[in-house]
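One structure is given below, encoded as C-alpha cells.
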C-alpha cells in the first residue's frame with residue numbers, strides 16, 4: 001500500500017492568479033485604492049490611467065515572481081563573520 005506524507009507547508013507555495021498570496025494582497029489593495037480614486041474623481045483620463053497603472057503593476061509583479069533575482073542587489077553573506085561589536089570609537093589615539 002502506498003504511503004502519503006502530510007504536506008503542512010501548502011501556504012508557502014499557494015498562488016492566486018499567478019501571484020503568491022502576499023503579492024496578490026498588494027495587488028488587491030492597489031485595485032481597491034484605484035476604485036476609490038475612480039469613484040471620487042470621475043473622468044475618462046483617470047479611468048484609463050488607473051487601468052494602465054494596475055495592468056503594469058500586475059505585469060511587473062508576475063515578472064518578479066518568475067524571476068525573483070531582479071531585485072537582488074547585494075551579496076547575501078558578508079566577507080567575514082564576527083561577534084565583535086562594530087563601533088566608530090578609535091581607542092588607539094590620533
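Numbering (UniProt numbering), first residue to last: 1 to 94. Cβ coordinates follow ideal geometry from the N, Cα and C atoms, glycine included.
The beta carbon of residue 61 sits closer than 7 Å to those of 19, 23 and 27, all from its chain and outside the five residues before and after it, given in chain order.
By a beta-carbon distance limit of 8 Å, residue 52 does not contact residue 34. Their separation comes to about 10 Å. Take residue 38, set aside five residues on each side of it, and the residues of its chain with a beta-carbon closer than 7 Å to its own are 46, 47 and 50, in chain order. Membership of residue 69 in any alpha helix (DSSP H) is not indicated, and neither H nor E is assigned to it by DSSP.
When the beta-carbon positions are compared, residue 67 and residue 30 stay at least 8 Å from each other.
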